[in-house]
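Following this note's numbering, the numbering of the sequence shown begins with 7 at its first residue and continues without gaps. The C-beta atom is built at its ideal place from N, Cα and C for all residues, glycine as well. Here is the structure we will look at.
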Amino acid sequence: MKVGLKMKYITINNSISAIILQVVTAIAGIILPKLLISTYGSDINGMVSSITQFIGYLALVEAGIGNASIVQLYKPLAENSIDEVNGILSATNKFYKKSGSLFIFLVIILLIIYPLFVSGQVDYYTVVWMICILSLSSIFDYFFLGKYRVLLTADQKLYVINYVQCIGTILNIVVTITLIRMNFTILTVKFFATLIYIFRMFLIYIYVKNHYGYLNFDVTPLTEKLSDRWSVLSHQIAGMVVLNTDIVVLTIFKIPLSEISVYTVYNLVLNVIIGLLNSLLNAVTPLFGRILVTDKSSMTREYYSIYEFLYFILTFALFTSLVILFIPFLNIYTQGITDANYIRLNLALTFCLMGLIYMIRTPALTLINASGHYKQTQKGAFIEAGINIIVSLILVSKFGIEGVLLGTICSHCFRSIELMKYNNDYIIKNSIRTTLIRIIRNIILMLIIILSYRYIFIINVNDFITWFIFATLITISSFLFILFFNILCEKEYYYLLKEKLLRGGRK
7 MKVGLKMKYI
17 TINNSISAII
27 LQVVTAIAGI
37 ILPKLLISTY
47 GSDINGMVSS
57 ITQFIGYLAL
67 VEAGIGNASI
77 VQLYKPLAEN
87 SIDEVNGILS
97 ATNKFYKKSG
107 SLFIFLVIIL
117 LIIYPLFVSG
127 QVDYYTVVWM
137 ICILSLSSIF
147 DYFFLGKYRV
157 LLTADQKLYV
167 INYVQCIGTI
177 LNIVVTITLI
187 RMNFTILTVK
197 FFATLIYIFR
207 MFLIYIYVKN
217 HYGYLNFDVT
227 PLTEKLSDRW
237 SVLSHQIAGM
247 VVLNTDIVVL
257 TIFKIPLSEI
267 SVYTVYNLVL
277 NVIIGLLNSL
287 LNAVTPLFGR
297 ILVTDKSSMT
307 REYYSIYEFL
317 YFILTFALFT
327 SLVILFIPFL
337 NIYTQGITDA
347 NYIRLNLALT
357 FCLMGLIYMI
367 RTPALTLINA
377 SGHYKQTQKG
387 AFIEAGINII
397 VSLILVSKFG
407 IEGVLLGTIC
417 SHCFRSIELM
427 KYNNDYIIKN
437 SIRTTLIRII
447 RNIILMLIII
457 LSYRYIFIIN
467 VNDFITWFIF
477 ATLITISSFL
487 FILFFNILCE
497 KEYYYLLKEK
507 LLRGGRK
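Listed below in structure tokens is the structure:
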């Protein structure tokens, strides 16, 4: 198979598998939280979400190993340099085991401290055992799965991980529903979910053993190859702060767990959109990594411009649909739940704004990750985290959930602009003007559609089937409307994309 066709095939396979995974994950994300809230209450759901966020913070002990390893593996995998691949993976394995040991120590500290924040809301032993159960999957990841995931991602075989995750997620849905209907406790339900995660690890292990017979983790580790992991860590720290600050701040300020449950329900809807778009990032990052190591700047610029053009169209179409359909969905989803107020228009709009500002950075972030420019962009990452923490702490007492969201929005505004400027100045070496014009144009198109449905095409739905029909029609029509006007404004990219598809990605 020719190189161009092979790259096209791999990218399409990764993208399709990622989309399938996101659909399955979205179904799980919609079904399971509703079952948990209805069966165990908003306080339990809030506790599970809160603990998950704290464990996410502890995962920073990964110390940038994964992403640093992936970047370093692009070239030796492309050149079939087996000794170097084994040396890098040996170093990856070594560092992951150290991180796993530190993670266990931090979990013990969390077991002591966290129950103090939720005392009086949930039984102490339930909290302690929940922390132990939810941390098990991360422990297995450090000591077992991490190195294999790094290899498959760098070798553009993300589809293997995606399909295995699909199997695990479907099993989790079936097992969770079964256990809940049999009246098992929340601890039992989450324990079996963890066992399914461990089962997924063995499937990946079997695949790697059958397709990478040359692997040897006992060779001398090339630790110097991962020297950039500390720069990667700085990004992970900042990213973790930005993405997890909201629930952590709400927990520390002893906002009721029922309010945290409200936040997680809104966030799960937003995460369906973000997950779909991030799947595209994960699918094309290895492609750009391979292009960049060939040092073909014109090819990089060309592919990037097409990617950004299409990505913005899809992003604005999805967020347009989300704004229109958010509250109608929640009206149906939270029927029968009375222990917290889940219907808040201002909260829905704030979540949509936060998500959109965050996601417009993705095309730029794709190239920065593929290029390994972690050190060069770490200052902005810390500034973003600082803005988020400071503004959230100032506003949380007065505005609650909306306060922490405003802090996140402020930080996203700064970081998205900074990343887009860096990418244009130092990687693709192009003017940021094209990117900004595309964003402004799509915002205008987005507002036209939203206002049309607000004042002309009024939506009234009472069940999920009707909502799904409306969602399909609105999403498709929004995409076509935005696509049409973007092509009208940038015909050259339409013809360039058409040419690339017909020629199989060849120059």
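Taking the beta carbon of residue i as the centre, do at least 16 other beta carbons fall within 10 Å, making it buried, or is it exposed?
i: H418; result: buried
i: M188; result: exposed
i: L342; result: According to the sequence shown, residue 342 is Gly rather than Leu. Burial call: exposed.
i: V180; result: exposed
i: T385; result: First, the amino acid is wrong: residue 385 is Lys here, not Thr. By the neighbour-count rule (16 or more Cβ atoms within 10 Å), K385 is not buried but exposed.
i: C358; result: buried
i: G47; result: buried
i: G219; result: exposed
i: V9; result: At V9 the pLDDT is 48, less than 50, meaning the model places this residue with poor confidence; the figure from the coordinates comes in the next sentence. Result: exposed.
i: G72; result: buried
i: K163; result: buried
i: N99; result: buried
i: D89; result: exposed
i: C416; result: buried
i: L122; result: exposed
i: S377; result: buried
i: S75; result: buried
Helix, strand or coil for residue i per DSSP?
i: V9; result: Because the pLDDT of V9 is 48, which lies under 50, any placement of that residue in the model is unreliable, and the question is left without a value.
i: Q78; result: helix
i: R350; result: coil
i: E85; result: coil
i: T340; result: coil
i: H379; result: coil
i: T372; result: helix
i: N20; result: helix
i: L320; result: helix
i: Y102; result: helix
i: N284; result: helix
i: Y220; result: coil
i: L355; result: helix
i: S267; result: helix
i: I363; result: helix
i: L228; result: coil
i: N1; result: Any answer about residue 1 is impossible in this case: the structure gives the chain only from 7 up to 513.
i: Y500; result: helix
i: D345; result: coil
i: G511; result: Note that G511 scores a pLDDT of 49, beneath 50, so its modelled location is shaky and nothing firm can be said.
i: L112; result: helix
i: I43; result: helix
i: N466; result: coil
i: G93; result: helix
i: Q127; result: coil
Would you give the residue range spanned by the alpha helix (DSSP H) that residue i belongs to?
i: M207; result: I192 to H217
i: E390; result: Q384 to F405
i: Y63; result: S48 to L64
i: M452; result: R439 to Y461
i: K260; result: No alpha helix (DSSP H) holds K260; DSSP gives it neither H nor E.
i: S143; result: Y130 to F146
i: T478; result: F470 to C495
i: R367; result: It is not in any alpha helix (DSSP H) - R367 carries neither H nor E in the DSSP assignment.
i: T184; result: L164 to R187
i: G152; result: G152 to A160
Just checking my contact of residue i with residue j at CB under 8 Å: how many whole Å lie between their CB atoms?
i: F109; j: L64; result: 6 Å
i: V248; j: A346; result: 25 Å between Cβ atoms; not a contact.
i: V271; j: V402; result: Rounded, the Cβ-Cβ distance is 19 Å, inconsistent with contact.
i: S398; j: V410; result: 4 Å
i: W135; j: L42; result: Incorrect: roughly 16 Å between the Cβ atoms, too far for contact.
i: N429; j: A387; result: The pair is not a contact, with the Cβ atoms about 14 Å apart (cut-off 8 Å).
i: V166; j: L158; result: 5 Å
i: V77; j: Y154; result: Going by Cβ atoms, the distance from V77 to Y154 rounds to 17 Å, so no, they are not a contact pair.
i: I61; j: S144; result: 6 Å
i: Y499; j: I312; result: 6 Å
i: L263; j: S56; result: 7 Å
Below 7 Å, is the gap between the Cβ of residue i and the nearest heavy atom of the ligand NAP?
i: I423; result: This structure lacks the ligand NAP; in fact it carries no ligand of any kind.
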